[in-house]
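If you read the protein sequences in the order shown, they are chains A and B. Just so you know, this note's numbering puts 286 at position 286 of the first sequence, and the rest follows in order with no gaps. Each position in the second sequence, counted from 1, maps to that position plus 1000 in this note's numbering. The beta carbon of each residue, even a glycine, is placed where N, CA and C say it ideally should be. Written below as structure tokens is the structure these notes are about.
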Amino acid sequence: MSNISFNKFYRKFNILSLILIVISLVFLIFKGLNYGVDFKGGTLIELRTTDKTNNISLIRDSFNQMNLGDVSVKKFGNETDFIVKFEKQNSNDPDFIKNIQNKLFNSIGDVDFRRVENVGPKVSSELLKSGIIAISLSLAAMLLYIWIRFEWQFSLGAILAIFHDVIITLGIFSIFSLEINLSIVAAVLTIVGYSMNDTVVIFDRVRENLRKYSDIKIFDLTNISINETLSRTIITSVTTLLALFSIYLFGGEILKGFSLAMILGVIFGTYSSIYIANPILVALNVSSRTIVKEEKD
Amino acid sequence: MLYFSKLRIISVIVFTIIFSYFAFSNFVKFDDKFFSKNINLGLDLQGGSYLLLEIDNRPVITQKLQAKIIELKRYFKEKQITLKNFSLKGDTILFETTDNEIENVKNILNDKESDVNTYYPTYKSHEFDVLEDGNLFSLNYSRYGLVLLKNSSLDQAIEIVRRRVDEVGTNEPNILKRGNDRILVELPGLDDPNRIKSLLGKTANLTFQFISQNNEESFGTEKLSFEDGSRDAIVSKRIILSGDNLVDAKPTMNSQTNETVVSFSLDRVGAKKFGKATSTGVGKQLAIVLDGKIISAPSVREPIIGGSGQISGDFTFQSATDLALLLRSGALPAPLNIIEERTVGPDLGQDSIDAGILSLFIGFLLVILFMIYKYRAFGLIANLALVSNLFLLIGILTLFEATLTLPGIAGIILTVGMAVDANVLIFERIKEETKNEKNPIIAFDAGYTKSRTTILDANITTLIAAFILFFMGSGPVKGFSVTLGVGILTTLFSVYFIARLLTSLYVVKNKDKEQLL
């Protein structure tokens, strides 16, 4: 078993976390998130050109001539693959996409539309709403579960750890203007589950140790518990990250954002279950009495 | 914990084999339907189109309200009750009555047996909410009246959409109601959705109306423009014939003019009406109007009594085929708007499958190597559990013909990564227990027992996330939640039955060795 004094750094890492959270919140509030067409509405076209001389500016120019509102063009994996996003979506004109394809043919030659997503304003606001509801609902469900299984001090620690992970992950997405779409919501929900999972494993041990060593202070007790579960924490994080990196590197462009969010979430989730969840138990002065009292009820 | 009865061992093996079999049936073809199940590929993997259509019910509501006014007028006239000053203001019918009839009218409209304001006992509501202010009555659709109206127009629309999609002949389209004003159309394998989109975007309301020569028509007139936008014409509002009377329509070649035309045949009622109108209207121009635009306006040279005719226009063979298709399938009750479209080309779908399988393979391999490196023999056991976990997961998805999406594949890979967690928890616990307990069998037993609540807690939290995703998510994301959720169940099975069985066999056999784990 390892014997690392994690508890010596509680304060330092708490300050670091606080700084990260503040930075994330500042970005989330003032810069906001880069919503994809799922949540903002508009049109996304993944296209492949046959002519290798086509570049981003050429494609952007041809789209700009079509009056489609704000156009953004990005490379997508291959040399010849591009993602084009623009504000306009036209639900009343069934030939909307066909016309764009015809106009492109005249300006940059034959292009293959590999993927088209066209989301109207009503649908996008509904999707955003249901995404927010889904995340809030899962947080509430986790809170409920942990509240039933543990004492309130533990619930608070676990929930704050989750908020920490979600805020920082979203903050990183905001800072680097990474796109938020439906699959990112799925990733965030999975992060919530993973972070909870990690925290629960350590908390289970803390509770067990509270019964075993009633004379050890919570400050040291959390440290013992972290060390006892450390090799599991590391092994599980490593195998999960191995899987996620494999998706990130080989799973294709579409899954890049999703797997990146998950990778960040797993890293912060592992960190927070040690450095957020446990210091909160210390701050709330949890002792063997906390759980004894609960068990008498 | 380490003891397994024979029966249990056999059932675990049988169970695993059955599901592994279904996992393999994806790759092998059998004749028998039950034994040859395949996992459904989502639209993002096999390519295809997802269209969400929203029905625009405003014209239907206005139409129904206008018809209601006529019905009310007729009904109260028969009862010899005078109603006057009928008007339609927004979605409200307004009318007045004489002071001594107020009670009478009110009773008729609020009667549960009312003929003009239907009462729905299931909803405890009338079709219309009635408000009166002195002798001024106003009628509005009640909440349930509106729901019923929307439902019936959606039912009609969905039928027409189905006919149109079937006529185009895509394989296994999926057409579903969403709420009370939306239709979801999934068209797997469809490369180019443009044709279907333009077919679904047309209401296809066909009418035959005479072009008026003098502006004094008894039915009133309206100004309509020609399809090609070249000119306008004043058309009588009297509808001679509508698309409802058509029984068939097909594109043909007119042998005299060498033009592509759409020839149609009418039902008996239609043929009679058409014959009558064309006999009185010889010499007049008959406008053929589709969705408010005149396709063409040929002159009637002689009465058309055979019940069939031709629509000429500036058709290509394709546009004539499409018009014939629209006429055969009938008119939509109201216009449909495409409010969401997602189309994935088949080659991108295949690329996604390839990338998904590659990353699954690599992720799997890395995890397996890591586990062997970390735990040696027990790593092997965990890996065996992991492999059977994967087979079970794919087998269950196949058996229930679940839809596999790209995020779903990601869910499988993630399951692979997280599935070892339970075994790791157990193994780590056993390691701790062996420090104080010399008897390996007791130590292993304790390891399993003491880690159980933790494992359950940890998996239930992930299961909660998966459940919420399943109920809130849509399309590809739903596929992710399915694999994640089923993955947790198969993980628990593979850990507590397969891995534990193997562990117990190994421990019992090697109980005299110094350090097992």
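CB of residue i within 7 Å of CB of residue j, strictly
{"i": "B:I1295", "j": "B:E1222", "result": "no"}
{"i": "B:L1072", "j": "B:V1116", "result": "yes"}
{"i": "B:Y1144", "j": "B:S1125", "result": "yes"}
{"i": "B:T1461", "j": "A:V201", "result": "no"}
{"i": "A:G120", "j": "A:Q89", "result": "yes"}
{"i": "B:E1432", "j": "B:A1446", "result": "no"}
{"i": "B:I1311", "j": "B:T1278", "result": "no"}
{"i": "B:S1388", "j": "B:S1494", "result": "yes"}
{"i": "B:Q1318", "j": "B:P1188", "result": "no"}
{"i": "B:V1416", "j": "B:G1363", "result": "yes"}
{"i": "A:R289", "j": "B:E1428", "result": "no"}
{"i": "B:S1198", "j": "A:P94", "result": "yes"}
{"i": "A:T199", "j": "A:A158", "result": "yes"}
{"i": "B:L1139", "j": "B:I1070", "result": "no"}
Integer Cβ distance of residue i from residue j, believed to fall under 8 Å
{"i": "B:I1498", "j": "B:V1012", "result": "6 Å"}
{"i": "B:V1344", "j": "B:V1420", "result": "So it is not a contact: roughly 33 Å between Cβ atoms."}
{"i": "A:S246", "j": "B:S1359", "result": "5 Å"}
{"i": "B:T1483", "j": "B:L1392", "result": "With 8 Å as the limit, B:T1483 and B:L1392 do not qualify as a contact, their Cβ atoms being about 12 Å apart."}
{"i": "A:S34", "j": "A:L178", "result": "Sequence inspection shows Asn at residue 34 of chain A; the Ser mentioned does not correspond to that position. The pair is a contact, with the Cβ atoms about 6 Å apart (cut-off 8 Å)."}
{"i": "B:G1475", "j": "B:I1409", "result": "Not really, about 14 Å apart at Cβ, beyond 8 Å."}
{"i": "B:V1161", "j": "B:L1200", "result": "6 Å"}
Neighbouring residues, chain B, relative to residue i (Cβ below 9 Å)
{"i": "A:E151", "result": "By Cβ distance, chain B contributes nothing, its closest Cβ being about 14 Å from A:E151, past 9 Å."}
{"i": "A:V206", "result": "Going along chain B, no residue has its Cβ under 9 Å from A:V206, so there is no contact; the nearest lies around 11 Å."}
{"i": "A:L170", "result": "Chain B residues near A:L170: none, gap ~16 Å exceeds 9 Å."}
{"i": "A:M142", "result": "T1461, I1464, A1465"}
Within chain A, the residues that residue i reaches when beta carbons sit closer than 7 Å
{"i": "B:A1355", "result": "F250, G251, G252"}
{"i": "B:D1351", "result": "G252"}
{"i": "B:V1344", "result": "R115"}
{"i": "B:G1417", "result": "T239, T240, L242, A243, L244"}
{"i": "B:F1480", "result": "A186"}
{"i": "B:I1362", "result": "S246, F250"}
{"i": "B:E1370", "result": "One detail in the question is off: residue 1370 of chain B reads as Phe in this sequence, not Glu. By Cβ distance, chain A contributes V238, T239, L242."}
{"i": "B:I957", "result": "Absent from the model: residue 957 of chain B. The displayed extent of chain B is 1001 to 1517, so no value can be given."}
Pick from the options that is closest to residue i, judged by C-alpha positions
{"i": "B:P1335", "options": "B:R1268, B:L1053, B:A1023", "result": "B:L1053"}
{"i": "A:D204", "options": "A:L281, A:V73, A:G42, A:K129", "result": "A:L281"}
{"i": "A:V37", "options": "A:T169, A:E151, A:G252, A:V123", "result": "A:V123"}
{"i": "B:V1261", "options": "B:A1271, B:L1384, B:A1249, B:S1225", "result": "B:A1249"}
{"i": "B:L1190", "options": "B:R1268, B:S1087, B:S1049, B:P1059", "result": "B:S1049"}
{"i": "A:F39", "options": "A:F82, A:E117, A:L128, A:F6", "result": "A:L128"}
{"i": "A:L20", "options": "A:I175, A:N54, A:F9, A:D61", "result": "A:I175"}
{"i": "B:A1287", "options": "B:S1481, B:S1242, B:L1131", "result": "B:S1242"}
{"i": "A:I234", "options": "A:F105, A:F9, A:I274, A:L68", "result": "A:I274"}
{"i": "A:E228", "options": "B:R1500, B:G1479, B:K1435", "result": "B:K1435"}
{"i": "A:L170", "options": "A:T43, A:D51, A:V22", "result": "A:V22"}
{"i": "B:G1179", "options": "B:Q1063, B:D1155, B:D1044", "result": "B:D1155"}
{"i": "B:S1263", "options": "B:G1309, B:A1233, B:I1158", "result": "B:G1309"}
{"i": "A:I311", "options": "B:N1104, B:I1412, B:Q1256, B:R1195", "result": "With chain A running from 1 to 297 in the structure shown, residue 311 of chain A is simply not present."}
{"i": "B:D1457", "options": "A:N278, A:M196, A:M262, A:F258", "result": "A:M196"}
{"i": "A:K75", "options": "A:N64, A:N54, A:G69, A:N92", "result": "A:N54"}
Chain B residues whose Cβ lies nearer than 8 Å to that of residue i
{"i": "A:D165", "result": "By Cβ distance, chain B contributes nothing, its closest Cβ being about 13 Å from A:D165, past 8 Å."}
{"i": "A:L123", "result": "According to the sequence shown, residue 123 of chain A is Val rather than Leu. Chain B residues near A:V123: L1052, I1339, E1340."}
Per-residue contacts from residue i into chain A (C-beta, under 8 Å)
{"i": "B:P1476", "result": "L182, S183"}
{"i": "B:N1194", "result": "P94, D95, I97, K98"}
Chain B contact residues for residue i, given Cβ-Cβ distances below 7 Å
{"i": "A:N197", "result": "A1458, T1461, T1462"}
{"i": "A:R232", "result": "V1424, L1425, E1428"}
{"i": "A:L255", "result": "L1406, A1410"}
Proximal chain C residues relative to residue i, where beta-carbon distance stays under 8 Å
{"i": "A:E228", "result": "Among the protein chains of the structure shown, namely A and B, there is no chain C."}
Closer than 9 Å at the beta carbon, the chain A residues around residue i
{"i": "B:K1197", "result": "P94, D95, F96, I97, K98"}
| message | Whether or not the segment 134 to 151 of chain A and the segment 1466 to 1485 of chain B are in contact is what I'm after, with contact meaning three or more pairs of Cβ atoms, one per stretch, closer than 8 Å; do they touch? | response | yes
| Three or more C-beta pairs closer than 8 Å, one from the segment 1129 to 1137 of chain B and one from the segment 1169 to 1187 of chain B: is that the case here? | no
| request: Count the CB pairs spanning the segment 1368 to 1376 of chain B and the segment 1064 to 1079 of chain B that are closer than 8 Å, and state whether there are at least three. | output: no
| Touch check for the segment 1282 to 1291 of chain B and the segment 1202 to 1212 of chain B: three-plus C-beta pairs under 8 Å? | Yes, the segment 1282 to 1291 of chain B is in contact with the segment 1202 to 1212 of chain B.
| query | Does the segment 178 to 191 of chain A touch the segment 235 to 245 of chain A, meaning 3 or more C-beta pairs lie closer than 8 Å? | reply | Short answer: they don't touch.
| field | Contact between the segment 144 to 158 of chain A and the segment 1380 to 1396 of chain B (3+ Cβ pairs under 8 Å) | value | no
| query | Are at least three pairs of beta-carbons, each pair with one atom in the segment 73 to 84 of chain A and one in the segment 41 to 54 of chain A, less than 8 Å apart? | reply | yes
| query | If we count Cβ pairs, one from each stretch, closer than 8 Å, do we get three or more for the segment 262 to 279 of chain A versus the segment 154 to 169 of chain A? | reply | yes
| Meets three-Cβ-pair contact criterion under 8 Å: the segment 1319 to 1332 of chain B and the segment 1150 to 1170 of chain B | yes
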